[in-house]
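**Q** Residue numbers (the working numbering): 8 to 121. Glycine included, each C-beta is placed from N, C-alpha and C at the ideal position. Bear in mind the structure is a predicted one, so any value in this text is a computation, not a measurement. Mind having a look at this structure? Questions to follow.
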Amino acid sequence: MTGSGWAPVYAVVRRIPRGKVATYGQVAALAGRPRQARQVGYALHALPPGADVPWHRVVNAAGRLSLTPDSGGIEQRLRLLAEGVTVTEGGRIPMAGFRWQPARRTVARRPSAR
DNA sequence: TGCTTGACATAAT
DNA sequence: CATTATGCCAAGC
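In structure tokens form, the structure reads like this:
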């Protein structure tokens, strides 16, 4: 099948538990695309309204909504708040306990470098 | 067919 | 905290 190939991306996003959030890079990595966080965002943007994908649970690595308030960031914030995720007016999320951790990435990310 | 833009990430300045 | 630079790749024009 040559189809888009973003199916795994949507599958990963669907796996994000309610009340938690994941980063684009994380989703990209879990979907098999370690360095394509951008394409993940693109794929989510291309999602039709009402899709079975909780795109609002995906935020950037800084724990902030990447979308502009004019684009849908407002809706994303409201949806997260409705799920119990704390989001400040500035679109910031305290990733202390809201970060979805499927397995790796606990406190020490990426050995070496940095 | 080739260049530009973009829901990003990371490091450096 | 803002800006700059680089990487990665799909879609739009």
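Mind checking which residues open and close the alpha helix (DSSP H) that includes residue 35?
**A** Here the question's residue 35 lines up with position 28 in the first sequence. 31–37 is the extent of the alpha helix (DSSP H) around residue 35.
**Q** Who does residue 65 pair with in a DSSP beta bridge?
**A** Reading the first sequence from its first residue, position 58 is the one you call residue 65. Residue pairing of residue 65 in beta bridges, as defined by DSSP: 29.
**Q** For residue 99, which beta-bridge partners are listed by DSSP?
**A** Taking the first residue of the first sequence as 1, we reach residue 99 at position 92. Residue 99 pairs with 71.
**Q** Whole angstroms is fine: what's the gap from residue 118's alpha carbon to residue 49's?
**A** Here residue 118 refers to the residue found at position 111 when the first sequence is read from its first residue. Here residue 49 refers to the residue found at position 42 when the first sequence is read from its first residue. Residue confidence is low: residue 118 scores 48 on pLDDT, short of 50, so the model does not pin down where it sits. Its coordinate-derived value is still stated next. Computed Cα separation, rounded: 29 Å.
**Q** According to DSSP, which residues form a beta bridge with residue 40?
**A** To locate residue 40, count along the first sequence from 1; it is residue 33. According to DSSP, residue 40 bridges with nothing at all.
**Q** Could you check if residue 30 is buried or exposed, using at least 16 other CB atoms within 10 Å of its CB as the buried criterion?
**A** For the purposes of this step, residue 30 is taken as residue 23 along the first sequence, with counting starting at 1. Burial call: buried.
**Q** So for residue 21, helix, strand or coil by DSSP?
**A** By 1-based counting over the first sequence, the position of residue 21 is 14. For residue 21, the three-state secondary structure derived from DSSP is helix.
**Q** Alpha carbon to alpha carbon, how far is residue 14 from residue 95? Give it in angstroms, no decimals.
**A** Position 88 of the first sequence, counted from the start, is the residue given in the question as residue 95. Position 7 of the first sequence, counted from the start, is the residue given in the question as residue 14. Those two C-alpha atoms are separated by around 31 Å.
**Q** What's the gap between the Cα of residue 51 and the Cα of residue 62?
**A** Here residue 51 refers to the residue found at position 44 when the first sequence is read from its first residue. Here residue 62 refers to the residue found at position 55 when the first sequence is read from its first residue. Using only the alpha carbons, I get a separation of about 6 Å.
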